[in-house]
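Taking it in order: structure first as structure tokens, then the write-up.
There are 2 protein chains.
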Amino acid sequence: MFIRGIGRTKFGVLSNSLPVLAYEAMINALNDSTVGIIDIDAIFISNFLGGPVNGQLHLNSVIASLIPEVNIPILRIETACASSSVALNQALHCINNFENIMIIGVEKMTGPGLIPITDAIAMAGDYEADYKNGLVFPAAYALIAQQYMRKYGIDHSLLEEIAYLNHCNSRMNPLAHFYYKEVTREMIRSSPIVAEPLNLFDCSPVSDGAAAVIVSNKKESDRDIEILSSRIATDTISITQRRDLTSFKSTIVASSKAYNEANIGPGDIDILEVHDCFTISELIALEDLGMCGPGKAIELIENGEISINGSIPVNTDGGLKANGHPIGATGLAQIYEVITQLRSEAGKRQVENPEFGMTQNIGGIGGTCGITIFGV
Amino acid sequence: MFIRGIGRTKFGVLSNSLPVLAYEAMINALNDSTVGIIDIDAIFISNFLGGPVNGQLHLNSVIASLIPEVNIPILRIETACASSSVALNQALHCINNFENIMIIGVEKMTGPGLIPITDAIAMAGDYEADYKNGLVFPAAYALIAQQYMRKYGIDHSLLEEIAYLNHCNSRMNPLAHFYYKEVTREMIRSSPIVAEPLNLFDCSPVSDGAAAVIVSNKKESDRDIEILSSRIATDTISITQRRDLTSFKSTIVASSKAYNEANIGPGDIDILEVHDCFTISELIALEDLGMCGPGKAIELIENGEISINGSIPVNTDGGLKANGHPIGATGLAQIYEVITQLRSEAGKRQVENPEFGMTQNIGGIGGTCGITIFGV
Chain B
9 MFIRGIGRTK FGVLSNSLPV LAYEAMINAL NDSTVGIIDI DAIFISNFLG
59 GPVNGQLHLN SVIASLIPEV NIPILRIETA CASSSVALNQ ALHCINNFEN
109 IMIIGVEKMT GPGLIPITDA IAMAGDYEAD YKNGLVFPAA YALIAQQYMR
159 KYGIDHSLLE EIAYLNHCNS RMNPLAHFYY KEVTREMIRS SPIVAEPLNL
209 FDCSPVSDGA AAVIVSNKKE SDRDIEILSS RIATDTISIT QRRDLTSFKS
259 TIVASSKAYN EANIGPGDID ILEVHDCFTI SELIALEDLG MCGPGKAIEL
309 IENGEISING SIPVNTDGGL KANGHPIGAT GLAQIYEVIT QLRSEAGKRQ
359 VENPEFGMTQ NIGGIGGTCG ITIFGV
Chain F
9 MFIRGIGRTK FGVLSNSLPV LAYEAMINAL NDSTVGIIDI DAIFISNFLG
59 GPVNGQLHLN SVIASLIPEV NIPILRIETA CASSSVALNQ ALHCINNFEN
109 IMIIGVEKMT GPGLIPITDA IAMAGDYEAD YKNGLVFPAA YALIAQQYMR
159 KYGIDHSLLE EIAYLNHCNS RMNPLAHFYY KEVTREMIRS SPIVAEPLNL
209 FDCSPVSDGA AAVIVSNKKE SDRDIEILSS RIATDTISIT QRRDLTSFKS
259 TIVASSKAYN EANIGPGDID ILEVHDCFTI SELIALEDLG MCGPGKAIEL
309 IENGEISING SIPVNTDGGL KANGHPIGAT GLAQIYEVIT QLRSEAGKRQ
359 VENPEFGMTQ NIGGIGGTCG ITIFGV
């Protein structure tokens with residue numbers, strides 16, 4: 009299975025509507041590829057908040073309206089922030105029955121919505137056990153950060169370094185939400201607290217945007233990149249049901265299956281995108297993915313190993329923190345970056361000769377995890 | 009591919025929450041089958057309004073919480089009222105990589121919701137082109153009924169007969185929303201107008217409920233029923249983009265592919281469930297599925313051909329009109345009925361020796377259509 013085309017919009021506070029964002033990503037993916045819209049046999053839409061925020065469900069039919077008279081199978085998948093890598097996973101299950109499938113992730117989060125955006129995002133958590141008790145996502149990840157910091161004896165400065173690295177990377181990515189913004193360590197340190205110990209720069213932004221990829225059962229160009237594995241796993245939705253907050257079992261399960269299928273190990277990965285919805289989740293991801301042992305991600309950060317010239321470059325596009333987090337598009341944006349890197353088309357932020365790339369995309373507090381591994 | 013277990017809840021105004029409804033359907037499907045929960049390798053959730061009405065998205069993780077420590081792939085599919093047959097279709101694409109997959113459709117529509125239920129249901133239509141101009145679903149189907157009635161020269165009494173037949177069937181289905189309710193032709197005729205020419209009895213009710221099926225790549229019991237084909241197709245979301253309102257192209261495309269794959273024709277179907285969200289859509293479905301020519305469904309109704317003892321029994325469970333329409337569960341409830349009939353377990357409403365069964369499940373105004381064909 010191969011990625012034959014990738015496309016995305018700029019991420020940020022955008023004026024375009026949800027269908028227009030999706031259309032732009034679709035067209036960009038087609039233009040990037042050697043296939044035309046008529047060659048697309050099915051479409052998978054990933055979107056999280058179309059209903060409660062934009063008043064628009066049944067998005068598969070909205071997309072059908074963009075390509076009338078075609079009547080192909082189109083469907084929508086929603087698994088919170090992991091929606092788009094789960095949609096890719098499902099497309100791959102179908103690829104033997106179709107030639108080319110497009111996956112589109114889209115989210116319109118800024119501007120007036122039917123429900124306030126923080127309440128809407130909280131729908132990725134447990135409505136009864138968590139939300140009604142005030143445990144919105146910054147609060148939940150604050151609890152996780154508190155446990156991690158106490159367990160491994162670190163202070164907030166390490167989290168600040170993660171935010172700083174992601175913002176530095178986004179300055180080399182013109183499509184990133186915060187491409188325009190020069191960020192200093194002092195700005196990060198002195199930013200207002202959101203939920204102790206997390207401050208503003210620990211949190212990914214609310215973004216609009218879309219991304220699309222075309223998958224195919226055959227390779228037709230040197231720019232087509234092979235998908236070596238795609239695996240998904242789930243876990244309980246409420247953190248009140250978890251034994252350990254400093255590790256996400258869904259990441260461990262999905263990634264070990266993916267490594268096994270791809271027949272490689274963590275040490276083989278040359279470019280990695282992880283789901284840093286909050287800075288603390290980047291630390292946890294590095295450990296759960298086996299890039300180091302428990303509590304050892306601290307050293308990877310301190311030693312500069314996750315920077316573009318380090319031993320395992322992470323979130324070279326700026327990550328969710330600085331590239332942006334338009335929820336339904338996020339997993340595909342990670343894939344967009346890994347494909348761009350594996351094609352050696354990443355410009356200033358290009359990693360040197362990467363051979364294997366991986367994305368880790370989670371929903372909620374690891375209630376869902378999608379792992380995808382690519383190889384040149 | 010085979011259906012190895014079916015389960016559902018009663019449909020109606022129920023006090024149970026969304027996860028509890030899903031759990032009840034799951035357990036009933038497991039108890040109906042020869043497999044245990046530990047044999048289930050993946051779960052597909054179908055749900056439409058969890059976000060805007062119940063404040064709960066990321067339902068795949070909610071379901072994971074019901075079976076902790078298993079961490080299997082679980083995902084949610086939403087394609088408006090066609091969600092559950094699309095979820096089944098997707099599960100079948102995956103079945104070569106798994107042994108047993110459970111599909112659960114669930115909807116909690118009554119009681120307090122974040123958004124009024126009529127506004128929430130309207131999210132299956134085009135928010136910009138239709139909803140903002142007042143074209144909620146009863147209004148849209150009223151336009152369709154007006155066109156059909158003028159084109160073929162019928163009056164409202166034919167639609168009343170469809171409602172009456174469905175209500176009569178539901179009196180033999182203890183799980184139906186309106187099982188308890190004796191309905192007369194006079195009650196139907198004199199019910200209040202909702203949107204001219206549609207009155208209250210032309211409209212399916214707002215229901216809570218859940219249904220589940222287990223699909224497998226092997227048959228292990230005489231009660232396991234083969235799936236001969238599952239096909240989905242899409243169309244534009246707004247009726248302002250349609251050339252003809254008296255036929256749904258998605259039904260025609262999906263059903264012709266399904267007949268072809270199953271290697272049978274409309275005349276072979278012995279038990280049929282169609283998506284009668286409004287009475288008029290039952291007429292249109294019969295024609296689009298090729299049970300008769302355009303405008304000829306009128307005769308099928310008038311001649312009693314769609315009753316349980318007729319040549320093509322339709323909606324023997326009461327249909328959406330009287331069995332109920334808990335949106336995310338509806339397509340699976342249709343399948344529940346067809347499987348029950350093909351197993352000859354339908355009691356008082358049993359059709360005589362059915363060999364082939366079919367379900368037609370649409371989203372919006374035919375923006376999505378899922379067709380499934382079964383055979384003994």
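Top to bottom, those sequences are chains B and F. Plus 8 on top of the position in the first sequence (first one is 1) and you've got my numbering. Plus 8 on top of the position in the second sequence (first one is 1) and you've got my numbering. A virtual CB, placed ideally from N, CA and C, is assigned to each residue, including glycine.
Where the alpha helix (DSSP H) containing residue i begins and where it ends
i               : result
R158 of chain F : 145-160
A88 of chain F  : Note, A88 of chain F: premise wrong, no alpha helix (DSSP H); not H, not E.
V28 of chain F  : 26-40
I71 of chain F  : 67-74
I196 of chain F : 193-197
E228 of chain F : It is not in any alpha helix (DSSP H) - E228 of chain F carries neither H nor E in the DSSP assignment.
D127 of chain F : 125-129
N177 of chain F : 165-178
Q342 of chain B : 335-350
E353 of chain B : It is not in any alpha helix (DSSP H) - E353 of chain B carries neither H nor E in the DSSP assignment.
G327 of chain B : 327-330
Neighbour list for residue i in chain B, Cβ cutoff strictly below 7 Å
i               : result
I123 of chain F : L122
T380 of chain F : Those within 7 Å of T380 of chain F in chain B number zero; the least Cβ separation is about 14 Å.
K257 of chain F : N79
G318 of chain F : Under the 7 Å cutoff, chain B gives no residues; its nearest Cβ is about 31 Å from G318 of chain F.
V94 of chain F  : L83
Interface partners of residue i on chain F, CB under 9 Å
i               : result
Q155 of chain B : Within 9 Å Cβ-Cβ: nothing; Q155 of chain B doesn't reach chain F, min ~20 Å.
V144 of chain B : Those within 9 Å of V144 of chain B in chain F number zero; the least Cβ separation is about 12 Å.
Q8 of chain B   : The question about residue 8 of chain B has no answer, for chain B in this structure spans 9 to 384.
Element boundaries [beta strand (DSSP E), containing residue i]
i               : result
I235 of chain B : 233-242
G113 of chain F : 108-115
I201 of chain F : 201-203
Beta-ladder partner(s) of residue i, from DSSP
i               : result
V322 of chain F : F:L280
I381 of chain F : F:S237, F:M366
D216 of chain B : B:G20
A50 of chain B  : B:I109
R250 of chain B : DSSP output for R250 of chain B lists no bridge partner at all.
L83 of chain F  : F:F52
I292 of chain F : I292 of chain F is not bridged to any residue.
C285 of chain B : None, per the DSSP bridge assignment.
V78 of chain F  : Looking at the DSSP assignment, V78 of chain F forms no beta bridge with any residue, so it has no partner.
I103 of chain F : I103 of chain F pairs with nothing; no bridge assigned.
Distance between beta carbons of residue j and residue i, contact taken as under 8 Å
i               : j               : result
A219 of chain F : L340 of chain F : 4 Å
F10 of chain F  : K226 of chain F : 7 Å
N79 of chain B  : T192 of chain F : So it is not a contact: roughly 41 Å between Cβ atoms.
G365 of chain F : A184 of chain F : That belief does not hold up - the Cβ atoms of G365 of chain F and A184 of chain F are roughly 18 Å apart, past 8 Å.
M131 of chain B : S215 of chain B : With 8 Å as the limit, M131 of chain B and S215 of chain B do not qualify as a contact, their Cβ atoms being about 17 Å apart.
P362 of chain B : Q349 of chain B : 5 Å
I233 of chain B : R84 of chain B  : Actually they do not touch by this definition, with Cβ atoms about 25 Å apart.
Q368 of chain B : A293 of chain B : 5 Å
I53 of chain B  : I112 of chain B : 5 Å
Contacts of residue i in chain B (Cβ-Cβ under 8 Å)
i               : result
Y135 of chain F : N62, G63, Q64
Where residue i meets chain F, residues with beta-carbon distance less than 8 Å
i               : result
M299 of chain B : None at all; the shortest Cβ gap to chain F is about 21 Å.
S212 of chain B : By Cβ distance, chain F contributes nothing, its closest Cβ being about 17 Å from S212 of chain B, past 8 Å.
Partners in chain F for residue i, counting only beta-carbon separations shorter than 7 Å
i               : result
H101 of chain B : H101, C102, N105
S73 of chain B  : T244, I245, S246, Q249
A132 of chain B : L65, H66
Q358 of chain B : Those within 7 Å of Q358 of chain B in chain F number zero; the least Cβ separation is about 34 Å.
Proximal residues of chain B, C-beta to C-beta of residue i below 9 Å
i               : result
F56 of chain F  : G59, L65, H66
V384 of chain F : Those do not exist, as V384 of chain F stays about 25 Å from chain B at its closest Cβ, beyond 9 Å.
is_contact[residue i, chain C] using C-beta, thresh 8 Å
i               : result
S289 of chain B : Structure shown: chain C not included; protein chains present are B and F.
Residues from the stretch 233-254 of chain F in contact with chain B, defined by Cβ distance under 9 Å: Look at the stretch 233-254 of chain F: the residues with a C-beta under 9 Å from a C-beta of chain B are R239, I240, A241, T242, D243, T244, I245, S246, Q249.
Chain F contacts made by the stretch 75-90 of chain B, where a contact means CB separation under 7 Å: Answer set for the stretch 75-90 of chain B: P76, N79, I80, P81, I82, L83, R84, I85, E86, T87, A88.
Chain F contacts made by the stretch 325-347 of chain B, where a contact means CB separation under 8 Å: Answer set for the stretch 325-347 of chain B: empty.
Contact residues within the stretch 360-378 of chain B, judged by C-beta distance below 8 Å to chain F: Cβ contacts with chain F: G371, G372, G375, T376.
Interface residues of the stretch 31-53 of chain B facing chain F [CB-CB below 8 Å]: Under the 8 Å Cβ criterion, the stretch 31-53 of chain B contributes no residue.
Near-chain F residues of the stretch 261-277 of chain B - C-beta to any C-beta below 8 Å: So the close ones are V261.
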